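Shown next, in structure tokens, is the structure this report addresses.
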Amino acid sequence: QVQLVESGGGVVQPGGSLILSCAASGFTFSTNNMHWVRQAPGTGLEWVAFIKYDGIKTYYADSVWGRFSLSRDNSRNTLYLQMNNLRHEDTAVYYCATDRNWGFDYWGQGVLVTVSS
Amino acid sequence: QAVVTQEPSLTVSPGGTVTLTCGSSTGAVTSGHFASWYQQKPGQAPRAVIYDTTNKHSWTPARFSGSLLGGKSALTLSGAQPEDEADYFCLLSYDTSRRVFGRGTKLTVL
Chain A
140 QVQLVESGGG VVQPGGSLIL SCAASGFTFS TNNMHWVRQA PGTGLEWVAF IKYDGIKTYY
200 ADSVWGRFSL SRDNSRNTLY LQMNNLRHED TAVYYCATDR NWGFDYWGQG VLVTVSS
Chain S
28 QAVVTQEPSL TVSPGGTVTL TCGSSTGAVT SGHFASWYQQ KPGQAPRAVI YDTTNKHSWT
88 PARFSGSLLG GKSALTLSGA QPEDEADYFC LLSYDTSRRV FGRGTKLTVL
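Top to bottom, those sequences are chains A and S.
In this note's numbering, each residue carries its 1-based index in the first sequence increased by 139.
In this note's numbering, each residue carries its 1-based index in the second sequence increased by 27.
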């Protein structure tokens with residue numbers, strides 16, 4: 140069955156960096172577009188970033204543009220989110236998700252990122 | 028930045044029917060927004076319910092349906108079950124870099 144397992148979360152100081160990973164299994168990762176979506180504590184969902192199946196094209200929400208970078212290693216079935224210059228408002232649970240017709244299909248269980256001094 | 032609007036909360040009786048809606052501050056929601064819907068229960072990751080306005084995922088119960096209604100995207104639940112109590116979020120895709128969630132509807136089955 141499809142599994143998406145995020146890792147790499149933790150506590151980081153404002154201005155710091157963190158790399159999240161999403162390990163995929165149970166489907167053909169290399170032919171699937173992928174997303175990251177986040178959810179701040181007690182609030183709603185926010186789309187963060189999208190990467191095409193071949194890794195050539197990436198797209199970002201305005202709130203993270205220029206600070207976050209999305210990449211993938213299709214040989215390792217893994218998605219990465221490099222987060223730089225982190226702010227308090229980046230504190231959230233980060234989910235990776237598969238793409239389905241401009242929406243999302245399968246979701247991981249999420250990983251918590253806390254930006255705090 | 029477009030704002031996506033949803034009812035903050037709705038209540039439905041067990042076995043009853045309820046419609047959740049999803050509107051856009053930019054105007055009528057159309058099929059070109061590829062509306063999708065997600066269910067989230069406390070402490071869990073979201074689960075996809077509807078994609079591309081009307082399409083069910085393979086795991087979506089038949090009692091859920093998606094449509095366009097009065098310039099909005101709509102999620103209708105017919106024959107509500109206790110396990111349907113959850114937060115429901117809609118997503119509208121304006122373009123590749125603008126995908127906006129609504130703030131969610133808390134659905135109570137009571």
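We put the beta carbon where it would ideally sit given N, CA and C, even for glycine.
Every value quoted in this text rests on a predicted model; they were computed, and no experiment measured them.
Selected residue, minimal CA-CA separation from residue i, among the options
i        : options                                : result
A/Leu159 : A/Tyr192, A/Gln152, A/Ser146           : A/Ser146
S/Leu95  : S/Leu37, S/Ser40, S/Thr48              : S/Thr48
A/Trp175 : A/Val150, A/Thr217, A/His227, A/Gly155 : A/Thr217
S/Leu53  : S/Lys68, S/Gln28, S/Leu102             : In the sequence as displayed, the identity of residue 53 of chain S is Thr instead of Leu. When each option's Cα is compared against that of S/Thr53, the closest is S/Gln28.
S/Asp79  : S/Ala72, S/Leu102, S/Pro88, S/Gly70    : S/Leu102
S/Ile77  : S/Ala89, S/Gly70, S/Pro69              : S/Ala89
A/Glu228 : A/Ala163, A/Val187, A/Gln140           : A/Val187
A/Arg215 : A/Arg226, A/Phe168, A/Ser256           : A/Phe168
S/Leu37  : S/Leu118, S/Asp114, S/Thr123           : S/Asp114
S/Gly93  : S/Val127, S/Val56, S/Gly70             : S/Val56
A/Ala163 : A/Thr182, A/Asp212, A/Gly242           : A/Asp212
A/Ser210 : A/Cys161, A/Asp201, A/Val141           : A/Cys161
A/Phe189 : A/Leu251, A/Gly242, A/Val252           : A/Gly242
Beta-carbon spacing of residue i, residue j below 8 Å
i        : j        : result
A/Met297 : A/Asp244 : No information on residue 297 of chain A is available, as it lies outside the stretch 140 to 256 that chain A covers here.
S/Ser100 : S/Thr44  : no
A/Cys235 : A/Leu143 : yes
A/Pro153 : A/Val254 : yes
S/Val31  : S/Leu119 : yes
A/Leu225 : A/Val150 : no
S/Ala72  : A/Gly247 : yes
A/Tyr199 : A/Phe207 : yes
A/Gly249 : S/Phe128 : no
A/Asn240 : S/Phe91  : no
S/Val136 : S/Pro41  : yes
Where the beta strand (DSSP E) containing residue i begins and where it ends
i        : result
A/Glu145 : 142 to 146
A/Trp246 : 242 to 246
A/Asp238 : 231 to 239
A/Tyr198 : 197 to 199
S/Gly93  : 91 to 96
A/Val250 : 250 to 254
A/His174 : 173 to 178
A/Gly154 : Unbroken run through A/Gly154: none, as it is neither H nor E.
DSSP beta-bridge partners of residue i
i        : result
S/Phe116 : S/Tyr65
S/Thr103 : S/Thr46, S/Ser92
S/Arg125 : S/Asp122
A/Tyr219 : A/Ser160, A/Ser210
S/Lys83  : S/Ile77
S/Leu37  : S/Leu134
S/Thr32  : S/Gly50
A/Glu185 : A/Arg177
A/Gly149 : A/Val252
Closer than 7 Å: residue i CB and nearest the ligand ATP heavy atom
i        : result
S/Leu119 : Of ligands this structure carries none, so the ligand ATP is not represented either.
Where residue i falls, given that 16 or more other Cβ within 10 Å makes a residue buried
i        : result
A/Gly165 : exposed
S/Ser85  : exposed
S/Thr132 : buried
A/Ile195 : exposed
A/Ser256 : exposed
S/Gln66  : buried
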